[in-house]
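Report on the following structure.
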Amino acid sequence: MLSSIKSHIPGWSVFFQALITLVVPLLIYRIYKALTSLADDKLVSSGEAGSSSDEKPTHPISASYDANIDEIRNAIGINSDVVIRELTMGDAKVRAALIFVKGMQEDQLLKMEIMRMLRDTEPDHPLPIIERLPTNAAHTISTMEELTKAVLFGYLALMIDGRDEGFLINPPSGPARDITEPVSESLLRGSRIGFTEDINVNTAMLRKQGVTENLQVRSFMVGHTIQKELAILYLDQIVNPDLLREVTGRIEKIKLDFAAESGYIEQMIEDNYLSPFQQTQNTERPDRVIAALLEGRIAILLDGTPFALIVPVTFSMLLQSPEDYFERWMPGSLLRILRFLAAFIALMAPSLYISFISFHPGLIPTELALTIIETRQGVPFPALIEVLILEIAIEILREAGIRLPKPIGPAMGIVGGLVIGEAAVKAGIVSPFLVIVVAVTAISSFSIPMYSAGITLRLLRFVAMLFASILGMFGTILFFLLICCHLSKLKSFGVPYLTPLTPFRWSDWKDFFVRVPIFMMKRRPKLMKTMQNKRR
């Protein structure tokens, strides 16, 4: 009797696995809380230090022309691309100067027209003439700091002898890239235009999506050493005022020397920097931005980059494509379901392979198990090393294909994958069945519309493989539960990341796993708490 009872008691390895299953989540949670509190302390201290050092003395513009020009030359320094074109105004021959940066004012005829009109203008009344010029900006400034900053930013400035103010006549209009099709978000059906690096062109593209008086654009300047223009866009009668205040407050608190790309802004305003999941959505498509604005979200544009940010974001948005709405609801829903399935495969397939092969071969059907065992004959490595060899090779090939010139990048990736896979199988380093698993995993990751979301799944895939190699199926399930717990707690600007799955909102499921017909989507998502909940 006692022996039969002992035979049913699990071995020490099972108890050890259960102990690790209990301890690992607690350890991860403790480390996460410690890092979060440390980051908050650093942000608070850096904010206090930055606020005390940002104050600079200002120098008002004087009525002395020579003093102003000398101060401008000293402020500009050795910048040889800054031009100071001196001229005389009217019959009184009053001295004046146009200051601009070469290449930032493309319209040479306009500059010549400005200089001709200024020569024929009496200096006592220059502003009415300035207002009649064919430009879209003409205003006065009172400090030298404003003038030099505007000139270096690309404006055309005017200084007149005897006046204690300066004039900004023409905004920057340097060389820009033509409007082309988005590279990172190609579609078979839909608009073929994408954002450019010029923020004014991008806002104009959004205006041209349709006529509305509710589209609001608010501009900010970000960067301490080198400043760039940033704009937030929203629909006035739809957006939640609390969300607007939160986004505005975070942008105003940004402390950066230079914001080279919108990714800098994304990292400065996200809720949880320790999370591997992105909490903003980046896009090159104006139609995607307009669709987000109609749901009550806010778009962030930065000058110098074609990638706009959309906040807040949910996990389901990362697996949605604008083409889901351009097609009829049944094909669109099918494609979306396939993407959710592909995301699961891209994340979990290698870890499931390791779990079944190394720990639970009895869960595999007998014929399939025999086939796998036969293909693994002669493989000298355990399942984890075998998977790592192929996964790392695939990641290197993927990165090399991106960095190589376009004519040879795709060909190199395809040929390299075929050659390495075939050579590895013939050399007996990996099994043919694993090559199929890794290939399906790589193809599944390509089906995710957002490249940044695909990078996250590729990163977490290696963590899942580590869990599976230590605890088997227990580790795989533990990893999946940890990811679910993290996603259920994660928020983007106060919006739960897994909405409408948790917290559960049945009305928002009309645009979740499946997309119902458009005429049935009569209300905006409840999670956004918009001022106008009903669509028109």
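According to our numbering, the sequence shown is numbered sequentially starting from 146. A virtual CB, placed ideally from N, CA and C, is assigned to each residue, including glycine. Small disclaimer: the values here were computed from a predicted structure and weren't measured.
- Under the three-state reduction of DSSP, SER364 is assigned to strand.
- Cβ atoms of VAL575 and GLU544 stay farther apart than 8 Å, at about 20 Å.
- In the DSSP assignment, ASN219 falls within the unbroken alpha helix (DSSP H) covering 210-221.
- With contacts defined by Cβ atoms closer than 8 Å, ILE410 and LEU447 form a contacting pair.
- In this structure LEU351 touches ILE435 by the C-beta definition: roughly 6 Å separates them, less than 8 Å.
- Contact between the region 470-480 and the region 582-591 is absent: fewer than three C-beta pairs spanning the two stretches fall below 8 Å.
- DSSP places SER336 outside both helix and strand once states are collapsed to three, so it counts as coil.
- Under DSSP, SER637 forms a beta bridge with VAL640.
- For the pair of segments examined, the region 644-657 was found not to touch the region 199-218: the number of CB pairs separated by less than 8 Å stays below three.
- Annotation for ALA491: THR586, SER589, SER590 and LEU602 place their beta carbon closer than 6 Å to its own, counting only its chain and skipping 5 residues before and after.
- It is roughly 7 Å from the alpha-carbon of ASP323 to the alpha-carbon of THR341.
- The alpha helix (DSSP H) runs lying completely inside the region 395-421 and spanning 4 residues or more are 407-414, given in chain order.
- Under the three-state reduction of DSSP, LYS671 is assigned to helix.
- Just measuring C-alpha positions, the residue of LEU605, SER592 and LYS636 sitting nearest LEU480 is SER592.
- For ALA453, the uninterrupted beta strand (DSSP E) run begins and ends at 453-456, by DSSP.
- Following the DSSP letters along the chain, one finds VAL296 inside the alpha helix (DSSP H) bounded by residues 289-298.
- Selection ILE414, GLU406, THR428 and ASP381 evaluated against GLU391 yields ILE414 as nearest (Cα-Cα).
- By the beta-carbon neighbour count (other beta carbons within 10 angstroms, threshold 16), ALA528 is buried.
- DSSP, reduced to helix, strand and coil, places PHE619 within a helical segment of the structure shown.
- DSSP assignment within the region 419-448 yields the following whole alpha helix (DSSP H) runs of 4 residues or more, N-terminal first: 431-439.
- Judged by beta-carbon spacing, ASP402 lies beyond the 8 Å limit of GLY449, meaning their Cβ atoms are not closer than that value.
- Cβ-Cβ separation between ILE371 and THR293: approximately 14 Å, too far for a contact (criterion under 8 Å).
- For GLY523, same chain residues with a beta-carbon under 6 Å away, outside a window of 5 residues either side, are GLY573 in chain order.
- In the structure shown, MET234 falls within a strand segment according to DSSP collapsed to helix, strand and coil.
- Pairwise C-beta distances place the region 632-649 in contact with the region 380-391, as three or more of them are shorter than 8 Å.
- In this structure, the straight-line span from the alpha carbon of ASN359 to that of VAL384 is close to 10 Å.
- Exclusion of the five residues before and after ALA538 leaves ILE565 as the residues of its chain whose Cβ lies within less than 6 Å of its Cβ.
- With a threshold of 16 other beta carbon atoms within 10 Å, ASN224 falls short and is exposed.
- In this structure, the alpha-carbon of SER633 lies about 7 Å from that of THR647.
- In this structure PHE422 is not in contact with LEU672, their Cβ atoms being roughly 17 Å apart against a cut-off of 8 Å.
- Listed in chain order, the non-local C-beta contacts of ILE173 below 8 Å within the same chain comprise LEU627, local neighbours out to five positions each way being set aside.
- Per DSSP, the unbroken alpha helix (DSSP H) holding GLU512 starts and ends at 511-520.
- Taking the Cα positions, GLU519 is about 19 Å away from LEU497.
- Per DSSP, the continuous beta strand (DSSP E) segment holding GLU374 begins and ends at 373-380.
- Our two residues, VAL239 and SER207, have alpha carbons roughly 16 Å apart in a direct line.
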